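Per full-length UniProt numbering, the sequence shown starts with residue 1, numbered consecutively.
Here is the structure we will look at, set down as structure tokens.
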Amino acid sequence: MAIAQNTGRIRPTKPKKNAQKQKRKRDDVDANKLQEAVDQIDVKSTFTSFSELPLSAPTEEGLKSAHFSALTDIQAKAIPRALQGSDILGAAKTGSGKTLAFLLPVLENLYRAQCIGADAGLGAMIISPTRELAIQIFEVLRKVGGKGHLFAAGLVIGGKGLREERDALSRMNIVVCTPGRILQHLSQTSTFNVDNLRMLVLDEADRIMDMGFKKDVDAIIEYLPSDRQTMLFSATQTKRVSDLSRLALKEPEYISVHEAASTSTPKSLQQNYTVTPLPEKLDTLWSFLQASKKSKILVFLSSGKQVRFVYEAFRHMQPGIPLLHLTGRQKQTARLEITQKFSNAKHSCLFATDVVARGLDFPAVDWVIQVDCPEDGDTYIHRVGRTARYEKAGRAVLFLDPSEEEGMLSRLEQRRVPIERINVRNKKQMSIKNQLQSMCFKDPSLKYLGQKAFSSYVRSLHIQKDKEVFKLEKYPLEEFAASLGLPGAPRIKFLKADPAEVKKLKNRSRMETAVSESEDEGSDAEEGGEDKSTKKNGVRTKYDRMFERQNQDVLADHYAKMVRNDDKDDVDFGRLDGEQAGDDALFDVKRRIPADSASGSDERDVPAANGYAEETGGEIGGSGPKAINLPGASAPLVLDSKRREKLLKSKKKLLNFKDKGSKVVFDDEGQAHPIYELEDEDAFKARGAPDEQRERFLRSEQERVDEADRADKQLAREKRRIKKERRKERERAEDEGEAEDGAVGDSNEDLLANFAADADGMDEEDEEEEQPKAKRQKKWFEQDPKVSRDEEEREIGTLDELEAEAARLLG
Ligand SMILES: Nc1ncnc2c1ncn2[C@@H]1O[C@H](COP(=O)(O)OP(=O)(O)OP(=O)(O)O)[C@@H](O)[C@H]1O
């Protein structure tokens, strides 16, 4: 198969023309025979191996090289029906091989239809909710289809050049994509023709069909031909009639292989929970890591901020096991690198958000630890499904706060999850609170991360839909803040908001947010999220995007949308009551400014990095720019970009934002006054009319000038006298002979020079003037003055005398 690279760069390879033609001929014959065999499949019979199915030679070859021989349950049931062209709703436990259950029919059905090459157009579209999962599906496609098939296949997930994708799309037969990005191509790429599309696959279909992707999916469907085969797969598949009608499924086959099973999770998965009060969760996690250094562990936390804080804090404490972290906020290349690292690692601990909860097939994960309670039973199932995949063993532990225990256990029971309580051995339990506190004290940036982790966690609790499980008022938040090493709990404000808006926001699940983050917030300007806003706003520049990017280090996009700039409606978190905390509430993070600049006496200081404190109001702290009060600055420094945030690290640059200071003069008592000070008006009037005052002032100034003039003249006279004396002194010295009088002359000159300097400050030029000139050598045309005087006295009379005189001068 001509397959694109898994980085999103699409480079269909070109098989040699002759070989291609011959192969096509063979394939034509094969395809006809295969079609007959497929038509004759008895879908009710039991299949156990791939060899029992009528598959093409290239597919068989691919399966063989990937060492797939026996069919899993879902594959045995779904593949025969899908080969015959039925629409499928496939449900099976995590790690049970659903990917091959839809990839094989895609390869086979397109092969039999000879939907190969650029002329055939796009034959199949496979949609995944996350980029990581799309990449993984693409890899499996490459593994089983890359051996002998001639399809051109590619990945369209954003994070790479739009034009590059656009060019390749027009030649693709199979595309694996994320919803936002493919919709962008459908709406913007004129050469992208989907008229020949035969198959549409939705992996993690329940996720793709829910609120987060609703608009995108509905729009995508509009572009696709209605005469197509549609397949939906998920471990938590639903038969929602609304979804089926949205996708226009035709008499779909509902294949739920584990419906009758007593549990909805793999049998080989051992599941436990431990009741750990929120402030002790990090202690328990640390103790667990210390006891499991030779394991591969996946730790779920509910927000990217928490992931970042726990990762950074634990990293500093050197746990003795390699640590990794993954969130939707990271750049695509970093995410890819981390998933690969964790896949290849033997012993490692990956802290992650729900961005990796679904579909990812990390090999040999020993433990899945859920430090934060999942939002619902489905999320729990997907998270724990990252271990115990395809008949392998695995263990999962859920940390529950006492307030969550009852509610969550009943949800898990409803979802047929067998889970048992275990207790943490007191002896093994370690406390890292003091360590965290001292680390946060020493390292303001860690403390800052801790504050963000705290706020984002509280916000995530607040927006949870299931209030029977998540009762915000029951969590010991002060103690929780202390357990993160913080000196106090950052205060959080809740704002009243439009109920309709809140409802809409609440309907967005956390997973959706994580996923939409992952789609929206890569570094590349042409990613899915950006594309959506492009649609809305028309042309946007790089700077628009830069400023629109929501406070990347602080709050997620959806939180930003929940913040309203309406101070009147602020309600203190401390005073939160049932009504205020109800569905109508939106919230905002309120951080403190230093006590000396804060007006409210009850406010605590929460100094941010570099010793400065943040002040937020309205949208600040939620998503918009932050304002920092610099000591000595007249106005707060607004942090509306990364570049400005960096400023905080440079004292030199910060000086530009501070007041430059003003000049003052000191009176005799040592009191400072501004240089120009307005005097008292009455005192001014008492001194007479302004004109008179002006006259008086001019007169007095004139006298002052005259006096100064006189002094100057006197000084000039004195100088001239000194000069004269010095000249005479010099001449006398010359006359009497330099050798004898040098000493006297020098001493006089010193004396005179000193006097002159004292007299008034003669400047250097004057001083130089006073220095005796060094005796200069005569030029050829100059005469000795003595000689010259003698000569002048001598009269030149005749021509002979004149000639004789000229000869004498020349000689
Ligand atoms: N027929 C098979 N024989 C052997 N291994 C298989 C077979 N089918 C799938 N596998 C392996 O099982 C593992 C899980 O497969 P897959 O990722 O498709 O599961 P899934 O059902 O999609 O899981 P999830 O619900 O978590 O997405 C993979 O490592 C895959 O290679």
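Every residue gets a Cβ at the ideal spot worked out from N, C-alpha and C, and that includes glycine.
Quick caveat, the model's predicted, so the values are computed rather than measured.
Environment of residue i [buried if 16+ CB atoms lie within 10 Å]
| i | result |
| --- | --- |
| P105 | buried |
| N272 | exposed |
| A291 | exposed |
| P674 | exposed |
| A152 | buried |
| L555 | Reliability fails at L555, whose pLDDT of 39 lies under 50, so the model's placement of it is uncertain and the value that follows must be treated cautiously. Buried is the call here. |
| L751 | Interpretation of L751 is limited by its pLDDT of 32, a score under 50 that renders its predicted location unreliable; the figure taken from the coordinates is listed afterwards. Classification of L751: exposed, given that the 10 Å Cβ count is below 16. |
| G661 | exposed |
| Y676 | exposed |
| F314 | buried |
| S483 | buried |
| S445 | exposed |
| L678 | exposed |
| R721 | exposed |
| V787 | Note that V787 has pLDDT 46, beneath the 50 cutoff, so the model's placement of it is unreliable and the number below is only indicative. Exposed, because fewer than 16 other Cβ atoms sit within 10 Å of the Cβ of V787. |
| L655 | exposed |
| K428 | exposed |
| E165 | buried |
| E692 | exposed |
| S403 | buried |
Range of the contiguous beta strand (DSSP E) that encloses residue i
| i | result |
| --- | --- |
| R395 | 394–400 |
| F362 | Careful: F362 lies outside any beta strand (DSSP E) and carries neither H nor E. |
| V665 | 664–666 |
| S326 | Note on residue identity: the sequence assigns Leu, not Ser, to residue 326. Segment 323–326, the beta strand (DSSP E) holding L326. |
| Y273 | 269–275 |
| M430 | Where M430 is concerned, there is no enclosing beta strand (DSSP E), given that its DSSP letter is neither H nor E. |
| D283 | Taken as a continuous stretch (DSSP letters only), D283 belongs to no beta strand (DSSP E), being part of the alpha helix (DSSP H) at 281–291. |
| M209 | Segment 205–209 is the alpha helix (DSSP H) holding M209; no beta strand (DSSP E) there. |
beta-carbon residue i near ligand 1 non-hydrogen atom, thresh 8 Å
| i | result |
| --- | --- |
| R386 | yes |
| Q204 | Per the sequence presented here, residue 204 reads as Glu, with Gln not at that position. Under cutoff, so the answer is yes. |
| A134 | no |
| S65 | no |
| D361 | yes |
| A261 | no |
| R171 | no |
| G95 | yes |
| Q40 | no |
| L477 | no |
| V176 | no |
| H382 | yes |
| K341 | no |
| V275 | no |
| V365 | no |
| residue 834 | Given a span of 1 to 811 for the chain in the structure shown, any question on residue 834 remains unanswerable. |
| A235 | yes |
| K267 | no |
| A82 | no |
| G71 | According to the sequence shown, residue 71 is Leu rather than Gly. Yes, ligand 1 has a heavy atom inside 8 Å of this Cβ. |
| L232 | no |
| T99 | yes |
| A124 | no |
| Q370 | no |
Residue i: first and last residue of the uninterrupted alpha helix (DSSP H) it sits in
| i | result |
| --- | --- |
| N344 | 332–344 |
| E473 | E473 -> no alpha helix (DSSP H), and no H or E assigned at all. |
| F441 | 433–442 |
| N109 | 98–112 |
| M125 | Not the alpha helix (DSSP H): M125 falls in the beta strand (DSSP E), residues 124–127. |
| S56 | Taken as a continuous stretch (DSSP letters only), S56 belongs to no alpha helix (DSSP H), as it is neither H nor E. |
Residues that DSSP places opposite residue i in a beta bridge
| i | result |
| --- | --- |
| D218 | In DSSP, D218 forms no bridge with anything. |
| S245 | Looking at the DSSP assignment, S245 forms no beta bridge with any residue, so it has no partner. |
| E253 | I88 |
| I297 | C349, W367 |
| G154 | V175 |
| N656 | DSSP output for N656 lists no bridge partner at all. |
| H673 | V665 |
| A70 | S49 |
| V201 | I126, M231 |
| R181 | Per DSSP, none; premise fails for R181. |
Ligand 2 heavy atom lying under 8 Å from the CB of residue i
| i | result |
| --- | --- |
| V365 | This structure lacks ligand 2; its bound ligands are ligand 1. |
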